[in-house]
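> First residue of the sequence shown: 1, per UniProt numbering; consecutive thereafter.
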Amino acid sequence: MDRVASSASDSAAAVKLRSCSALNTLHHETRQEIELLNKQICVKDNIIVDLKARLGRYERICMAVGDNESVVVGPSKSLLESLCKEILKLKQKRSDGELRASRQAEEIQRLTVQLREKELELERVRCQPDHEKDQEVHRLRADLEERERAEATRAVLCTSLAEEADQLRGQLGVTVKVQRLNCQWQKYDSSREDYIRGLCQRLKETSGPGLGSISTGLLQREISRLNDLLEEKMSECARLSGEVEEMRRHYKERIQTLEQQVLIYTDDFKSERADRERAQGQIHDLKEQIYQLKQQLHKKQGASRASKESREVVVPMCRVHIGHRISSRRHKDSPEPLLRTAAELQQQPAAAAIAAAAAIAAAATPSPAWSERPGLSELQCPRCLATFSDTDAAEYLNHCEECARI
C-alpha cells in the first residue's frame with residue numbers, strides 16, 4: 001500500500017515537473033517575444049520621430065503656384081490618425097505581453113512552491129519507518145471497522161425504531177378505540193339519566209299518591225341495575241387498559257431482546273468475515289510457498305537427471321508413500337474431533353496445502369542414502385491417496401492444489 005502511495009506521489013511529482021518545465025519554456029518564449037516587440041516599438045518610435053521632424057520642416061510652408069492662391073503644405077490627417085492607431089496598438093500589445101509574462105511568472109512561482117511541498121512530503125513518507133506506517137494502517141483499519149460498527153448499530157436502531165413506531169401506532173389505535181367506547185358510554189349514561197328523570201316526571205304526573213312507594217321501588221331497582229351495568233363496563237375498560245399496558249411492556253421487552261440478538265449476530269458476522277479473510281491470506285501464502293517449492297523441485301529434478309546421466313549404476317526401485325505415512329501418523333497421534341467449527345472448515349484447505357508442501361519438501365530434500373543410491377520413488381496425495389511417479393512432480397503439485405481447494 002505504501003509502495004502504491006509512493007509511486008502515485010512520484011508520478012504526480014513528475015507531472016508537476018513536466019508542467020513547470022513547460023511553463024518555464026513558455027515564460028522564456030514570452031520574454032523573447034516581448035523583447036522583440038520592444039525593439040520593434042523602438043524602431044517605430046524612431047520612425048515617428050523622423051516623420052515628426054520631417055513634418056516640422058514642412059509645417060506652415062505656403063507655396064504659390066502661378067497666379068493662384070498660396071497653399072499651406074502640412075501633414076495629412078489620415079496619416080497622423082493611422083500612425084496614432086498603430087502606436088496605440090503596439091503599446092496595448094506590449095502591456096498585454098508584460099501582464100501575461102507577470103502572470104506566468106507568478107504561476108511558475110506557485111507551482112515551484114507546490115513542487116517543493118510535494119517533494120518534502122514525499123521525502124518525509126520515504127524516511128518514515130515501517131512501524132509507523134503499520135501503525136497508520138492499523139489506525140485506518142480500526143477507524144473503518146468503527147464506522148462499519150456504527151453504521152450497523154444505526155441500521156439496527158432504525159429498524160427497531162420503525163418497529164416500535166408501528167407498535168405505538170397499533171397501541172394508539174387501541175387507545176383511540178377505548179376512548180371512543182368511553183365516550184359512547186358517557187353519552188349512554190347521560191341519556192340514561194335524562195330518561196330516568198323524564199320517567200320519574202311522567203310517573204309523578206300520572207301516578208296518584210298511593211302508587212308513590214311502588215314507583216320509587218321500581219326506580220330504585222332500575223337505578224341499581226343501571227349502576228351494576230356501569231360497574232361492569234368500567235371494569236371492562238380497566239381490564240382493556242391493563243391488557244394494553246401488558247402488551248406494551250411485552251413488546252418493549254421483545255424489542256430489547258431482538259436488538260441484543262441483532263448486535264450479537266452482527267459481531268458474529270464480522271468475526272466470521274475476519275476469519276475468512278485470514279484464511280484467504282493463509283491460502284495465498286501457502287500458494288506462494290507451493291510455487292517456491294515447485295521451483296526448488298524443478299531445479300533439483302534437473303540436478304538429479306544430470307547425476308543420473310553421469311552414473312550408470314542401477315538401483316532397485318523403492319516405493320515411498322509420503323502422504324500416507326503423514327496421514328497415518330496424524331490419525332494415530334491426535335484424532336480429529338467429530339464436530340468442527342466454521343473457522344476449522346475454512347482452515348482445512350490451508351492445512352491440506354501445508355501437508356502437501358511438507359510432503360514436497362520431504363521429497364525434494366534428498367537424504368544421504370538417496371544421494372548414494374539414486375532410484376525411483378512414488379509420491380502420494382495426503383487427501384485422496386493418489387500416487388504419482390517421481391518424474392510427474394508438476395502433475396502431483398497441481399493435483400495437491402486441486403485437492404486443497406475442494
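We treat Cβ as the ideally placed atom computed from N, Cα and C, and that holds for glycine. In this text the structure is predicted, and so the values were computed from the model without any measurement.
Could you check where the beta strand (DSSP E) with L379 kicks off and where it finishes?
In the sequence shown, the residue the question calls residue 379 occupies position 379. Run containing L379: E378 to Q380, per the beta strand (DSSP E) assignment.
> Given this structure, state the Cα-to-Cα distance separating N398 from S389, to the nearest angstrom.
Counting from one through the sequence shown, the residue named residue 398 turns up at place 398. Counting from one through the sequence shown, the residue named residue 389 turns up at place 389. Their backbone Cα atoms lie some 14 Å apart in a straight line.
> Please classify I290: is it buried, with 16 or more other beta-carbons within 10 angstroms of its beta-carbon, or exposed?
For the purposes of this step, residue 290 is taken as the residue at position 290 of the sequence shown. With 16 or more other Cβ atoms within 10 Å, it is buried.
> Would you mind sorting Y265 into buried or exposed? The rule is 16 or more other CB atoms within 10 Å of its CB.
For the purposes of this step, residue 265 is taken as residue 265 along the sequence shown, with counting starting at 1. Burial call: exposed.
> In its own chain, which residues sit with a C-beta less than 7 Å from the C-beta of K93, not counting the 5 before and 5 after it?
Counting from 1 along the sequence shown, the entry for residue 93 is found at position 93. Same-chain partners within the cutoff: L37.
> Where do the ends of the beta strand (DSSP E) carrying T391 lie?
Your numbering for residue 391 matches position 391 in the sequence shown. DSSP places T391 in no beta strand (DSSP E); its state is neither H nor E.
> DSSP puts T25 in a beta bridge; with which residues?
Within the sequence shown, numbered from 1, the residue matching residue 25 stands at position 25. Note: T25 sits in no beta bridge, so no partner.
> Who does T387 pair with in a DSSP beta bridge?
For this step, residue 387 is matched to residue 387 along the sequence shown. Bridge partners of T387: Q380.
> Could you tell me if R195 is buried or exposed, where buried requires 16 or more neighbouring beta carbons within 10 angstroms of its beta carbon?
On the sequence shown, position 195 is the one that residue 195 refers to. A quick correction: the sequence has Tyr, not Arg, at residue 195. Exposed.
> Please go through the stretch 238 to 324 and give each complete alpha helix (DSSP H) segment of 4 or more residues, from N-terminal end onward.
Within the stretch 238 to 324, no complete alpha helix (DSSP H) segment of 4 residues or longer occurs.
> When the Cα of V49 is compared with those of L17, I87, Q32 and A238, which residue comes out closest?
Within the sequence shown, the letter at position 49 stands for residue 49. Measuring C-alpha to C-alpha distances from V49 to each of L17, I87, Q32 and A238 identifies I87 as the nearest.
> To the nearest whole angstrom, what separates the beta carbons of residue 408 and A13, a pair I think is in contact under 8 Å?
The question about residue 408 has no answer, for the chain in this structure spans 1 to 406.
> Nearest by alpha-carbon distance to G217: which of N182, L203, E132 and T153 is it?
Residue mapping note: residue 217 aligns to position 217 of the sequence shown, counting from 1. For G217, the nearest C-alpha among the options comes from L203.
> When the Cα atoms are used, what is the spatial distance from T112 to H27?
Translated into positions along the sequence shown, residue 112 becomes position 112. Translated into positions along the sequence shown, residue 27 becomes position 27. The alpha-carbon atoms of T112 and H27 are separated by roughly 14 Å.
> Thinking A101 and I34 are a contact (beta carbons under 8 Å), I'd like their distance in whole angstroms, please.
Along the sequence shown, one-based indexing puts residue 101 at 101. Along the sequence shown, one-based indexing puts residue 34 at 34. The pair is a contact, with the Cβ atoms about 6 Å apart (cut-off 8 Å).
> Is it right to say L293 is buried, meaning 16 or more other beta carbons lie within 10 angstroms of its own, or is it exposed?
Here the question's residue 293 lines up with position 293 in the sequence shown. By the neighbour-count rule (16 or more Cβ atoms within 10 Å), L293 is buried.
> Quick one: is L79 buried, meaning 16 or more other Cβ sit within 10 Å of its Cβ, or exposed?
As a working mapping, residue 79 is identified with position 79 in the sequence shown. It is exposed - the Cβ of L79 has fewer than 16 other Cβ atoms within 10 Å.
> What is the C-beta distance between T387 and Q380, in whole angstroms, given that I count them as a contact (C-beta under 8 Å)?
As a working mapping, residue 387 is identified with position 387 in the sequence shown. As a working mapping, residue 380 is identified with position 380 in the sequence shown. At roughly 5 Å, the Cβ-Cβ gap stays under 8 Å, so T387 and Q380 are in contact.
> Taking 8 Å as the cut-off, does the stretch 178 to 186 touch the stretch 296 to 304 (at least 3 CB pairs, one atom from each stretch)?
No: the two stretches stay apart, fewer than three of their Cβ pairs being nearer than 8 Å.
> Measuring only the C-alpha atoms, how far is G242 from Q256?
Position 242 of the sequence shown, counted from the start, is the residue given in the question as residue 242. Position 256 of the sequence shown, counted from the start, is the residue given in the question as residue 256. So the alpha carbons of these two residues sit roughly 21 Å apart.
> CA-CA distance, Y188 and L229?
Taking the first residue of the sequence shown as position 1, residue 188 is located at position 188. Taking the first residue of the sequence shown as position 1, residue 229 is located at position 229. Between Y188 and L229, the C-alpha separation is close to 11 Å.
> How would you label R286, buried or exposed, when you count the other beta carbons within 10 angstroms and need 16 or more for buried?
Taking the sequence shown and counting its residues from 1, one reaches residue 286 at position 286. The displayed chain sequence assigns Leu, not Arg, to residue 286. It counts as buried.
> Assign L168 to one of two classes, buried (16 or more other C-beta atoms within 10 Å of its C-beta) or exposed (fewer than that).
Position 168 of the sequence shown, counting from 1, holds the residue named residue 168. When all chains shown are included, L168 counts as exposed.
> How is I223 classed by DSSP in three states: helix, strand or coil?
Numbered from 1 along the sequence shown, position 223 holds the residue referred to as residue 223. Residue state, collapsed to three classes: helix.
> Of all the options A53, T153 and L99, which has the alpha carbon lying nearest to the alpha carbon of K270?
Numbered from 1 along the sequence shown, position 270 holds the residue referred to as residue 270. Checked all of A53, T153 and L99; the closest Cα to K270 is T153.
> For L297, count neighbouring Cβ atoms within 10 angstroms of its own Cβ and tell me buried if that reaches 16, exposed if not.
Within the sequence shown, the letter at position 297 stands for residue 297. It is buried - the Cβ of L297 has at least 16 other Cβ atoms within 10 Å.
> Assuming residue 408 and V156 form a contact by the criterion Cβ under 8 Å, report the distance between their Cβ atoms to the nearest whole angstrom.
Absent from the structure is residue 408, since the part of the chain shown begins at 1 and ends at 406.
> State buried or exposed for residue 465, treating a residue as buried only when at least 16 other CB atoms are found within 10 Å of its CB.
Only positions 1 to 406 of the chain appear in this structure, which leaves residue 465 out of reach.
> Have a look at T25 and H138 and give me their C-alpha separation to the nearest angstrom.
As a first step, residue 25 must be located in the sequence shown, where it is residue number 25. As a first step, residue 138 must be located in the sequence shown, where it is residue number 138. Whole-angstrom Cα-Cα distance: 45 Å.
> Quick one: residues in its chain with C-beta nearer than 7 Å to the C-beta of L226, no 5 flanking neighbours on either side, listed in chain order?
Counting from 1 along the sequence shown, the entry for residue 226 is found at position 226. Counting only Cβ-Cβ distances below 7 Å, and skipping sequence neighbours, we find R192.
> Could you tell me the alpha carbon to alpha carbon distance between R124 and L140, rounded to whole angstroms?
The sequence position of residue 124 within the sequence shown is 124, counting from 1. The sequence position of residue 140 within the sequence shown is 140, counting from 1. If you take the alpha carbons of R124 and L140, they lie about 19 Å apart.
> By the three-class DSSP mapping on this structure, what secondary structure does I406 have?
Looking up residue 406 in the sequence shown gives position 406. Correct three-state label for I406: coil.
> In angstroms, rounded to a whole number, what distance separates the CA positions of A22 and L122?
Within the sequence shown, numbered from 1, the residue matching residue 22 stands at position 22. Within the sequence shown, numbered from 1, the residue matching residue 122 stands at position 122. In this model, A22 and L122 are separated by some 23 Å (Cα to Cα).
> Cα separation between S82 and K16?
The count along the sequence shown starts at 1 and reaches residue 82 at position 82. The count along the sequence shown starts at 1 and reaches residue 16 at position 16. Roughly 46 Å separates the two Cα atoms.
> Using 8 Å as the threshold, is the C-beta distance between V262 and T175 below it?
As a position in the sequence shown, residue 262 is number 262, starting the count at 1. As a position in the sequence shown, residue 175 is number 175, starting the count at 1. Against a cut-off of 8 Å, the Cβ pair of T175 and V262 comes out as no contact.
> How long is the line joining the alpha carbons of C384 and E378, rounded to whole angstroms?
Taking the first residue of the sequence shown as position 1, residue 384 is located at position 384. Taking the first residue of the sequence shown as position 1, residue 378 is located at position 378. Taking the straight line from one Cα to the other gives about 15 Å.
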